[in-house]
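J.: The structure under discussion is supplied below as structure tokens; questions concerning it will follow.
There are 2 protein chains.
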Amino acid sequence: MQRNSVKVSMAVVRRLPKYHRYLGELIEKDILRISSKELGKIMGLTASQIRQDLNCFGGFGQQGYGYNVVELYKEIGHILGLDKEYKCVIIGAGNLGQAITNYEGFRREGFKLMAMFDINPRLIGNTIRDIKISDISELEEYVVDNDIVIGIICVPKENSQEIADTLVKANVRAIWNFSPSDVKVPEDVVIENVAINESLYTLTYLINEDNLDI
Amino acid sequence: MQRNSVKVSMAVVRRLPKYHRYLGELIEKDILRISSKELGKIMGLTASQIRQDLNCFGGFGQQGYGYNVVELYKEIGHILGLDKEYKCVIIGAGNLGQAITNYEGFRREGFKLMAMFDINPRLIGNTIRDIKISDISELEEYVVDNDIVIGIICVPKENSQEIADTLVKANVRAIWNFSPSDVKVPEDVVIENVAINESLYTLTYLINEDNLDI
DNA sequence: TAGATTGTTAATCGATTAACAATC
DNA sequence: TAGATTGTTAATCGATTAACAATC
Numbered sequence: 001m002q003r004n005s006v007k008v009s010m011a012v013v014r015r016l017p018k019y020h021r022y023l024g025e026l027i028e029k030d031i032l033r034i035s036s037k038e039l040g041k042i043m044g045l046t047a048s049q050i051r052q053d054l055n056c057f058g059g060f061g062q063q064g065y066g067y068n069v070v071e072l073y074k075e076i077g078h079i080l081g082l083d084k085e086y087k088c089v090i091i092g093a094g095n096l097g098q099a100i101t102n103y104e105g106f107r108r109e110g111f112k113l114m115a116m117f118d119i120n121p122r123l124i125g126n127t128i129r130d131i132k133i134s135d136i137s138e139l140e141e142y143v144v145d146n147d148i149v150i151g152i153i154c155v156p157k158e159n160s161q162e163i164a165d166t167l168v169k170a171n172v173r174a175i176w177n178f179s180p181s182d183v184k185v186p187e188d189v190v191i192e193n194v195a196i197n198e199s200l201y202t203l204t205y206l207i208n209e210d211n212l213d214i
Numbered sequence: 001m002q003r004n005s006v007k008v009s010m011a012v013v014r015r016l017p018k019y020h021r022y023l024g025e026l027i028e029k030d031i032l033r034i035s036s037k038e039l040g041k042i043m044g045l046t047a048s049q050i051r052q053d054l055n056c057f058g059g060f061g062q063q064g065y066g067y068n069v070v071e072l073y074k075e076i077g078h079i080l081g082l083d084k085e086y087k088c089v090i091i092g093a094g095n096l097g098q099a100i101t102n103y104e105g106f107r108r109e110g111f112k113l114m115a116m117f118d119i120n121p122r123l124i125g126n127t128i129r130d131i132k133i134s135d136i137s138e139l140e141e142y143v144v145d146n147d148i149v150i151g152i153i154c155v156p157k158e159n160s161q162e163i164a165d166t167l168v169k170a171n172v173r174a175i176w177n178f179s180p181s182d183v184k185v186p187e188d189v190v191i192e193n194v195a196i197n198e199s200l201y202t203l204t205y206l207i208n209e210d211n212l213d214i
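Structure below.
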């Protein structure tokens, strides 16, 4: 548990990957020390918020100095669980499934893609970056036998709930769902429904905001 | 402007696409009338919040009855600007660019993909769903000549800011950026930095939450 | 009319910002 | 030591929830 066993709010949790990413960029630029003020300027947050956020997990800084970038990067990576390995499967080997296979940030950081599944006979048996595409009918058994932790759903929304149910039955710990329809899972399974079109619709809202007239 | 010219908070705006999506699902199920209470149950929100959210834009409901699903769906679609057409280009014709080309929610709703661009000579000249892939050197001129409104960035993070700068120079109104590095744009350009790996890292955080010990 | 459910105001809750003593 | 910057408490701000009169 975190300091004092206080649950960290989702608002903070959702900022952690962003801290991790910006700190990674600082390391690439050989910037090894940073104050909350400077980091805030880069990330578009207040210094106060950064200090509040980080202090949910511990006092990583040093008065008069700021934060050690490499150390903080590692700490946040640890908090996010990025120093562990996660066996994954992707369901749906179309463009999106393949895009994720190649996506940095997925290929790094201990995500171990074990297999892909599809219903399309033309894809089954093929290999993408050494990962075999199997028939979806083999999904449940494979997940059980190989202790798969994360199931990644890249199928159309019509089939996503069914796939999710199969994954839950086969005891995955978490589901990363890219179909544009929220899947429901029991409380003990972690779910992230991504719905990438939502950010596009936010974009069009903002394009038109100034001349909106209801 | 909205009712009383009060700016709607981003918290509300980011829920609008979700309302739109759930209402679309209700229509598919021939449910033509819904109360804030029922909708809240389906979406995991309180009835109160739904009524507050919708009343930022107008009184779409009717006392004693609830909301007309089709009407509300159309209203929210209008608020989101989904009843207009947006000329788009995709930069980066790899898996991710192709995945977006095929993604529902992008293909529908008035997003008109005009062209794709890449640096890979093996892709240039090819066609995806009747969309030609051109050399990235032609991007700026094309965007200017064709009044492109939205640029969609699907290139690695090393090149994303440069592409964004080109798009801004060529007067796009908005950028939808999938590279896992935030691009900066002037205030008058709308930006959505998606960073899909952030939701994955949130997932791993939640997997480990209970046994986190700093 | 009676029941249901909205629109809207008020109350509460939580998240962000400000301030400052502690300390490197 | 003096200057810088943290960790943390208090103040503020904004978002969510509750309550209820209005009304279909």
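Chains H and U, in that order, are what the protein sequence lines are.
Taking the UniProt record's numbering, the leading residue of the first sequence gets 1, the next gets one more, and so forth.
Taking the UniProt record's numbering, the leading residue of the second sequence gets 1, the next gets one more, and so forth.
Even glycine gets a Cβ: it sits at the ideal position worked out from N, Cα and C.
Please read these numbers as outputs of a predicted model, since none were measured by experiment.
Is U:V190 close to chain H, meaning its C-beta is less than 8 Å from at least one C-beta of that chain?
T.: If you number the second sequence from 1, residue 190 of chain U lands on position 190. Yes, U:V190 lies at the interface with chain H (some Cβ there is under 8 Å from its Cβ).
J.: Would you please verify whether the beta carbon of U:E162 is less than 8 Å from any beta carbon of chain H?
T.: As a first step, residue 162 of chain U must be located in the second sequence, where it is residue number 162. Answer no: the Cβ-Cβ gap between U:E162 and chain H never drops below 8 Å.
J.: Alpha carbon to alpha carbon, how far is U:V8 from U:Q2? Give it in angstroms, no decimals.
T.: Residue 2 of chain U sits at position 2 when you count from the first residue of the second sequence. Residue 8 of chain U sits at position 8 when you count from the first residue of the second sequence. Confidence is the limiting factor: at U:Q2 the pLDDT is only 48, short of 50, which leaves the residue's position unreliable and the question unanswerable from this model.
J.: Contact defined as beta carbons within less than 8 Å: I believe H:V69 pairs with H:L23. What is the distance between those atoms, to the nearest angstrom?
T.: For the purposes of this step, residue 69 of chain H is taken as residue 69 along the first sequence, with counting starting at 1. For the purposes of this step, residue 23 of chain H is taken as residue 23 along the first sequence, with counting starting at 1. Indeed, because the Cβ distance is near 6 Å, the residues count as touching under 8 Å.
J.: From this set, U:V13, U:I191 and U:H20, which residue's C-alpha is nearest U:F178's C-alpha?
T.: As a position in the second sequence, residue 178 of chain U is number 178, starting the count at 1. Ranking U:V13, U:I191 and U:H20 by Cα distance to U:F178 puts U:I191 first.
J.: Alpha carbon to alpha carbon, how far is U:D188 from U:D210? Give it in angstroms, no decimals.
T.: Reading the second sequence from its first residue, position 210 is the one you call residue 210 of chain U. Reading the second sequence from its first residue, position 188 is the one you call residue 188 of chain U. Distance between the alpha carbons of U:D210 and U:D188: 43 Å.
J.: From what residue to what residue does the beta strand (DSSP E) around H:Y86 run?
T.: Residue numbering aside, residue 86 of chain H sits at position 86 when the first sequence is read from its first letter. Run containing H:Y86: Y86 to I91, per the beta strand (DSSP E) assignment.
J.: Spatial neighbours of U:L203 within its chain, please: CB distance less than 8 Å, with the 5 preceding and 5 following residues excluded, ordered by chain position.
T.: Position 203 of the second sequence, counted from the first residue, corresponds to residue 203 of chain U. Here the set comprises nothing.
J.: Just by C-beta distance, which residues in the segment 66-81 of chain H are closer than 7 Å to chain U?
T.: Cβ contacts with chain U: I79, L80 and G81.
J.: If you reduce the DSSP assignment to three classes, tell me which class U:D118 lands in.
T.: As a working mapping, residue 118 of chain U is identified with position 118 in the second sequence. Note: U:D118 maps to strand in three-state DSSP.
J.: Select from U:I90, U:L123 and U:F117 the residue whose C-alpha is nearest the C-alpha of U:R107.
T.: As a working mapping, residue 107 of chain U is identified with position 107 in the second sequence. The shortest Cα separation from U:R107 among U:I90, U:L123 and U:F117 belongs to U:I90.
J.: Counting contacts by CB-CB distance shorter than 8 Å, is U:E85 in contact with chain H?
T.: Numbered from 1 along the second sequence, position 85 holds the residue referred to as residue 85 of chain U. Not one chain H Cβ lies under 8 Å of U:E85.
J.: In the segment 127-187 of chain U, which residue ranges form an unbroken beta strand (DSSP E) of at least 3 residues, counting only runs that do not cross its ends?
T.: Correct list: 131-135, 150-153 and 174-177.
J.: So for H:K29, helix, strand or coil by DSSP?
T.: Your numbering for residue 29 of chain H matches position 29 in the first sequence. H:K29: coil per DSSP, three-state reduction.
J.: List the endpoints of the continuous alpha helix (DSSP H) containing U:I79.
T.: For the purposes of this step, residue 79 of chain U is taken as residue 79 along the second sequence, with counting starting at 1. Taken as a continuous stretch (DSSP letters only), the alpha helix (DSSP H) holding U:I79 covers V69 to I79.
J.: Among H:P156, H:T166, H:V149 and H:N120, which residue has its Cα nearest to the Cα of H:L139?
T.: If you number the first sequence from 1, residue 139 of chain H lands on position 139. Here the closest residue by C-alpha is H:T166.
J.: Is it buried or exposed, U:G81, if we count other Cβ atoms within 10 angstroms and call 16 or more buried?
T.: Here residue 81 of chain U refers to the residue found at position 81 when the second sequence is read from its first residue. U:G81 should be labelled buried.
J.: Quick one: is H:E65 buried, meaning 16 or more other Cβ sit within 10 Å of its Cβ, or exposed?
T.: Walking along the first sequence from the start, residue 65 of chain H turns up at place 65. In the sequence on display, residue 65 of chain H carries Tyr and not Glu. Exposed: under 16 other Cβ atoms inside 10 Å.
J.: Measure the alpha-carbon distance for U:H20 versus U:G77 and round it to whole angstroms.
T.: In the second sequence, counting from the first residue as 1, residue 20 of chain U sits at position 20. In the second sequence, counting from the first residue as 1, residue 77 of chain U sits at position 77. Approximately 7 Å between the Cα atoms of the pair.
J.: Taking just the CA atoms, how far does U:P180 sit from U:K41?
T.: Mapped onto the second sequence, residue 41 of chain U falls at position 41. Mapped onto the second sequence, residue 180 of chain U falls at position 180. Their backbone Cα atoms lie some 34 Å apart in a straight line.
J.: At the 8 Å Cβ level, is U:N4 part of the contact set with chain H, yes or no?
T.: Here residue 4 of chain U refers to the residue found at position 4 when the second sequence is read from its first residue. Caution applies to U:N4, whose pLDDT of 45 falls short of 50 and renders its modelled position unreliable; the model cannot decide the point.
J.: Return the first residue and the last residue of the beta strand (DSSP E) that H:V194 is part of.
T.: Stepping through the first sequence from its first residue, residue 194 of chain H is reached at position 194. Neither: H:V194 is in no beta strand (DSSP E) and is coded neither H nor E.
J.: Given 8 Å as the limit, is there contact between the segment 37-54 of chain U and the segment 118-132 of chain U, that is, 3 or more CB pairs closer than that?
T.: No: fewer than three Cβ pairs fall under 8 Å.
J.: What's the C-alpha gap between U:G59 and U:E75?
T.: What you label residue 59 of chain U is simply residue 59 of the second sequence in a count that begins at 1. What you label residue 75 of chain U is simply residue 75 of the second sequence in a count that begins at 1. Spanning the two alpha carbons is a distance of roughly 11 Å.
J.: Could one say the Cβ of residue 215 of chain H lies closer than 8 Å to chain U's Cβ atoms, at least one of them?
T.: Since the first residue shown for chain H is 1 and the last is 214, residue 215 of chain H is missing from the structure and cannot be characterised.
J.: Given H:D135, which residues of its chain have a CB within under 8 Å of its CB, disregarding the five upstream and five downstream residues?
T.: Here residue 135 of chain H corresponds to residue number 135 of the first sequence, with the count starting at 1. So the qualifying residues of the chain are F117, D118, I119 and I124.
J.: Are the C-beta of U:Q98 and some C-beta of chain H separated by less than 8 Å?
T.: Residue numbering aside, residue 98 of chain U sits at position 98 when the second sequence is read from its first letter. Yes, U:Q98 lies at the interface with chain H (some Cβ there is under 8 Å from its Cβ).
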